[in-house]
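Input: a single structure, listed below in structure tokens.
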Amino acid sequence: MAEKQLEILRGYELRLLRCTLAPPPSDLRIQSQPLNEESQCSLLPLHEHINSLIDSIESGHYLQALSSDAAKLVLDTLDFVDLNDSAECADRVYSALLQRVETFIVNDSENDVDKACRVILLMCLSIAALFWFTQCNVTGRPSVLNLPKCRFPLEVSTLEGNELIEWENWARYQLMSVGSDLLGKFSYLQYIVFAKMLLIKTKDLLFDATVLPVNGIRTISWWLTRLLLMHQRILDERSSSLYDLLKVFMAETLQHFGTLENVTTYWGNQLHDIDPSEIVSTVHLEAGLLEHIYRRVDSCRKRFESAEVAAGLQLSVTAVLGFRTIHQVEPKAQMVLVANTSSSNTSDACPSISQVIHTHDSTIGDATDVFVTPKLLGNSHESETGVQCVHAGGSAAHLKAIQQAVILS
Numbered sequence: 001m002a003e004k005q006l007e008i009l010r011g012y013e014l015r016l017l018r019c020t021l022a023p024p025p026s027d028l029r030i031q032s033q034p035l036n037e038e039s040q041c042s043l044l045p046l047h048e049h050i051n052s053l054i055d056s057i058e059s060g061h062y063l064q065a066l067s068s069d070a071a072k073l074v075l076d077t078l079d080f081v082d083l084n085d086s087a088e089c090a091d092r093v094y095s096a097l098l099q100r101v102e103t104f105i106v107n108d109s110e111n112d113v114d115k116a117c118r119v120i121l122l123m124c125l126s127i128a129a130l131f132w133f134t135q136c137n138v139t140g141r142p143s144v145l146n147l148p149k150c151r152f153p154l155e156v157s158t159l160e161g162n163e164l165i166e167w168e169n170w171a172r173y174q175l176m177s178v179g180s181d182l183l184g185k186f187s188y189l190q191y192i193v194f195a196k197m198l199l200i201k202t203k204d205l206l207f208d209a210t211v212l213p214v215n216g217i218r219t220i221s222w223w224l225t226r227l228l229l230m231h232q233r234i235l236d237e238r239s240s241s242l243y244d245l246l247k248v249f250m251a252e253t254l255q256h257f258g259t260l261e262n263v264t265t266y267w268g269n270q271l272h273d274i275d276p277s278e279i280v281s282t283v284h285l286e287a288g289l290l291e292h293i294y295r296r297v298d299s300c301r302k303r304f305e306s307a308e309v310a311a312g313l314q315l316s317v318t319a320v321l322g323f324r325t326i327h328q329v330e331p332k333a334q335m336v337l338v339a340n341t342s343s344s345n346t347s348d349a350c351p352s353i354s355q356v357i358h359t360h361d362s363t364i365g366d367a368t369d370v371f372v373t374p375k376l377l378g379n380s381h382e383s384e385t386g387v388q389c390v391h392a393g394g395s396a397a398h399l400k401a402i403q404q405a406v407i408l409s
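Positions 1 to 409 (UniProt numbering) are the ones given, in order, by the sequence shown.
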């Protein structure tokens with residue numbers, strides 16, 4: 001595969017990954033590199049479909065991605081005759097979908113570049129389905145509320161508007177087959193099942209060297225890890241079978257993106273405004289969350305420490321005298337977390353406590369006399385009570401989103 005074409009494909013991977021990282025400035029949006037005439041001939045029209053899918057995902061229009069012309073390419077030869085609302089029919093359609101995925105990648109492609117584009121396209125559909133499920137059940141209400149609660153993830157005219165209750169029950173049983181009931185009542189279960197089936201089938205095909213070198217599209221292991229973590233999150237108990245899969249995919253992810261060298265080598269100049277340490281820290285943070293879910297305390301602590309180092313943080317806990325309530329007469333020791341950031345990861349270095357501990361606005365809540373932020377004391381300025389308050393000696397350090405996430409972990 002030509003170097004230029006590989007760079008374009010990795011640019012698609014980076015744009016998808018960027019959807020889960022802190023947003024860049026409004027005037028810096030990652031775009032695919034311009035294509036020369038040879039690349040345009042070899043990638044179109046799949047190139048246009050992939051760009052359209054990623055544009056929809058980046059803007060949060062997940063259903064638009066799943067109803068696009070690109071999605072219809074996957075459904076092109078599926079048999080939707082004699083459909084009914086039964087578990088047997090659901091099993092038949094999803095089994096045919098898996099067969100169609102293999103045909104779509106292996107048989108319908110012309111060369112390695114075409115195969116790689118088809119893999120990226122399927123990844124986009126899977127990620128859009130995963131994001132839609134997450135939005136509906138975890139992060140907040142979706143913008144489209146008039147859809148049937150039980151529906152097939154892709155647009156099919158013969159299924160449009162139908163409540164596929166038994167199909168949804170079939171999806172529920174698929175999720176429970178790992179050995180645990182669901183934690184509660186969830187909607188649009190077919191979407192996460194659809195995403196899981198597409199990603200796992202695609203990953204299995206990548207192991208076949210005759211299809212495509214697996215090193216060509218490395219982020220698929222990361223997305224599988226995230227999808228399986230979401231699967232575990234909606235279960236009532238921890239699943240050992242899911243953990244076995246998660247260990248494999250997370251190990252691959254750490255191998256590919258666990259160091260700055262690997263990240264910069266993989267994406268090179270395409271990183272633009274993205275700090276590679278942010279990607280490395282995110283990988284270790286998610287690995288730590290995985291170990292935390294399965295109660296692997298030592299491994300969890302090790303991963304969180306690696307995330308802290310990658311994020312350029314040095315955390316310590318100290319005690320500073322201060323006031324917690326408006327009625328407090330004498331200052332008491334307040335526990336304070338000090339976050340020293342290295343100059344390599346932020347332009348605002350924090351070499352001393354005086355630059356970390358600052359008063360903000362020691363405001364009082366509407367219904368309480370407790371300070372929202374403790375009023376700390378020090379040696380810089382005199383307070384109204386005659387004691388000295390600590391203020392930032394310069395501009396206070398602004399922690400990045402990933403640094404805040406590491407601290408909260």
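Note that CB positions come from ideal geometry on N, CA and C, so glycine has one too.
Quick caveat, the model's predicted, so the values are computed rather than measured.
Exercise. Is the region 325-335 touching the region 288-308, taking contact as three or more C-beta pairs under 8 Å?
Worked result: no
For this session: Assign M335 to buried or exposed, taking buried as 16 or more other Cβ atoms, counted over all protein chains shown, within 10 Å of its Cβ.
Result: Here the question's residue 335 lines up with position 335 in the sequence shown. The residue in question, M335, is exposed, as its Cβ has fewer than 16 Cβ neighbours within 10 Å.
For this session: For Q33, count neighbouring Cβ atoms within 10 angstroms of its own Cβ and tell me buried if that reaches 16, exposed if not.
Result: Taking the sequence shown and counting its residues from 1, the one referred to as residue 33 is at position 33. In this predicted model, Q33 has a pLDDT of only 47, less than 50, meaning its place in the structure is not dependable enough to derive any value.
For this session: Along the beta strand (DSSP E) that carries F323, what are the first and last residues, could you check?
Result: In the sequence shown, residue 323 corresponds to position 323, counting from 1. Start and end: 313-325.
Problem set entry | Pair within 8 Å by beta-carbon distance, A22 and I402 | Here residue 22 is taken as the residue at index 22 of the sequence shown, counted from 1. Here residue 402 is taken as the residue at index 402 of the sequence shown, counted from 1. In this structure, I402 lies closer than 8 Å to A22 by Cβ.
Exercise. For the candidate residues S221, L199, E58, I234, whose alpha-carbon lies nearest to that of G184?
Worked result: As a first step, residue 184 must be located in the sequence shown, where it is residue number 184. The candidate whose alpha carbon is nearest that of G184 is I234.
Exercise. Just how far apart, CA to CA, sit A313 and S409?
Worked result: The residue given as residue 313 occupies position 313 in the sequence shown. The residue given as residue 409 occupies position 409 in the sequence shown. According to the sequence shown, residue 313 is Leu rather than Ala. Answer to the nearest angstrom: the Cα atoms are 13 Å apart.
Exercise. Near E102, what residues of its chain come up, given a Cβ to Cβ distance below 8 Å and the 5 sequence neighbours on each side ignored?
Worked result: The residue you call residue 102 lines up with position 102 of the sequence shown. Within the same chain, E102 has close Cβ partners K201, L205.
Exercise. Does DSSP put L164 in a helix, a strand or coil?
Worked result: By one-based count along the sequence shown, residue 164 stands at place 164. Coil at L164, not helix or strand.
For this session: Mind checking who L182 pairs with in its DSSP beta bridge?
Result: For the purposes of this step, residue 182 is identified with residue 182 of the sequence shown, where counting begins at 1. For L182, which the question treats as bridged, DSSP gives the partners L235.
For this session: Given a cut-off of 8 Å, decide if C19 and A65 are closer than it, judged by their beta-carbon atoms.
Result: Here residue 65 refers to the residue found at position 65 when the sequence shown is read from its first residue. Here residue 19 refers to the residue found at position 19 when the sequence shown is read from its first residue. No, the Cβ-Cβ distance between A65 and C19 is not below 8 Å.
Exercise. Which of helix, strand or coil does DSSP assign to R29?
Worked result: For the purposes of this step, residue 29 is identified with residue 29 of the sequence shown, where counting begins at 1. At R29, the pLDDT of 48 sits below 50, so the modelled position is not reliable and the matter cannot be decided from this model.
For this session: Assign V113 to buried or exposed, taking buried as 16 or more other Cβ atoms, counted over all protein chains shown, within 10 Å of its Cβ.
Result: Position 113 of the sequence shown, counting from 1, holds the residue named residue 113. It is buried - the Cβ of V113 has at least 16 other Cβ atoms within 10 Å.
Problem set entry | Rounded distance between the beta-carbons of L9 and A116, thought under 8 Å | Counting from 1 along the sequence shown, the entry for residue 116 is found at position 116. Counting from 1 along the sequence shown, the entry for residue 9 is found at position 9. Right, the Cβ-Cβ distance comes to about 5 Å (below 8 Å), so this counts as a contact.
Problem set entry | Proximal residues to residue 427 (C-beta, below 7 Å), its chain only, five neighbours per side dropped | Absent from the structure is residue 427, since the part of the chain shown begins at 1 and ends at 409.
For this session: Examine the Cβ distances between the region 252-266 and the region 290-298 and report whether three or more of them are shorter than 8 Å.
Result: no
Problem set entry | CB of S239 within 8 Å of CB of V406, strictly | Here residue 239 is taken as the residue at index 239 of the sequence shown, counted from 1. Here residue 406 is taken as the residue at index 406 of the sequence shown, counted from 1. Cβ distance not < 8 Å, so S239 and V406 don't count as in contact.
For this session: Please state whether DSSP places L154 in a helix, a strand or coil.
Result: In the sequence shown, residue 154 corresponds to position 154, counting from 1. L154: coil per DSSP, three-state reduction.
For this session: Measure the alpha-carbon distance for E110 versus L73 and round it to whole angstroms.
Result: Counted from its first residue, the sequence shown places residue 110 at position 110. Counted from its first residue, the sequence shown places residue 73 at position 73. Computed Cα separation, rounded: 15 Å.
Exercise. For the putative contact between residue 410 and D82, defined by C-beta atoms under 8 Å, what is the C-beta separation to the nearest angstrom?
Worked result: One cannot answer for residue 410 here, as it falls past the ends of the chain, which runs 1 to 409.
Problem set entry | Spatial distance of S277 from G288 (CA atoms) | Counted from its first residue, the sequence shown places residue 277 at position 277. Counted from its first residue, the sequence shown places residue 288 at position 288. Approximately 16 Å, taken between the alpha carbons.
Problem set entry | Cβ-based neighbour list, N137, same chain, cut-off 6 Å, excluding 5 preceding and 5 following | As a position in the sequence shown, residue 137 is number 137, starting the count at 1. These residues qualify, in order along the chain: F186.
For this session: For K332, I'd like the list of residues in its chain whose CB is within less than 8 Å of its CB, leaving aside the five on either flank, ordered along the chain.
Result: Translated into positions along the sequence shown, residue 332 becomes position 332. Hits under 8 Å: L321, G322, F323, R324.
Exercise. Going by other Cβ atoms of all chains shown within 10 Å of its Cβ, with 16 needed for buried, is A319 buried or exposed?
Worked result: In the sequence shown, the residue the question calls residue 319 occupies position 319. It counts as exposed.
Problem set entry | Neighbourhood of Q317 by C-beta, 8 Å cutoff - its chain only, sequence neighbours within 5 removed | As a working note, residue 317 is residue 317 in the sequence shown. Position check: residue 317 holds Val in this sequence, whereas Gln was assumed. So the list reads M335, V336, L337, V338, once near-sequence residues are dropped.
For this session: State buried or exposed for E286, treating a residue as buried only when at least 16 other CB atoms are found within 10 Å of its CB.
Result: What you label residue 286 is simply residue 286 of the sequence shown in a count that begins at 1. Classification of E286: buried, given that the 10 Å Cβ count is 16 or more.
Exercise. Does L224 have its Cβ less than 8 Å from a Cβ in chain D?
Worked result: No chain D appears in the structure shown, which is made up of a single protein chain.
For this session: Quick one: grab the DSSP three-state call for K375.
Result: To locate residue 375, count along the sequence shown from 1; it is residue 375. Strand.
Exercise. What do you reckon, are the CB atoms on L16 and I127 nearer than 8 Å?
Worked result: Numbered from 1 along the sequence shown, position 16 holds the residue referred to as residue 16. Numbered from 1 along the sequence shown, position 127 holds the residue referred to as residue 127. Contact: yes.
For this session: Would you mind listing the alpha helix (DSSP H) stretches within the region 199-286 that are 4+ residues and don't spill past its ends, in chain order?
Result: 219-233, 240-257, 260-267
Exercise. Per DSSP, Q404 is paired with what?
Worked result: On the sequence shown, residue 404 is found 404 positions in, with the first residue counted as 1. DSSP output for Q404 lists no bridge partner at all.
Exercise. With DSSP run on the structure shown, which of helix, strand or coil describes A333?
Worked result: Translated into the one-based positions of the sequence shown, residue 333 becomes position 333. The answer is strand: DSSP assigns A333 an E or B state.
Exercise. So, is Y173 buried or exposed, given that buried needs 16 or more other C-beta atoms within 10 angstroms?
Worked result: Stepping through the sequence shown from its first residue, residue 173 is reached at position 173. Result: exposed.
Exercise. Is F133 buried or exposed, if buried means 16 or more other CB atoms sit within 10 Å of its CB?
Worked result: For the purposes of this step, residue 133 is taken as the residue at position 133 of the sequence shown. The residue in question, F133, is buried, as its Cβ has 16 or more Cβ neighbours within 10 Å.
Exercise. When the Cα atoms are used, what is the spatial distance from G268 to E13?
Worked result: The residue labelled residue 268 in the question sits at position 268 within the sequence shown. The residue labelled residue 13 in the question sits at position 13 within the sequence shown. Their Cα atoms are separated by approximately 13 Å.
Exercise. Distance, Cα to Cα, F152 vs L130?
Worked result: The residue given as residue 152 occupies position 152 in the sequence shown. The residue given as residue 130 occupies position 130 in the sequence shown. Distance between the alpha carbons of F152 and L130 is about 14 Å.
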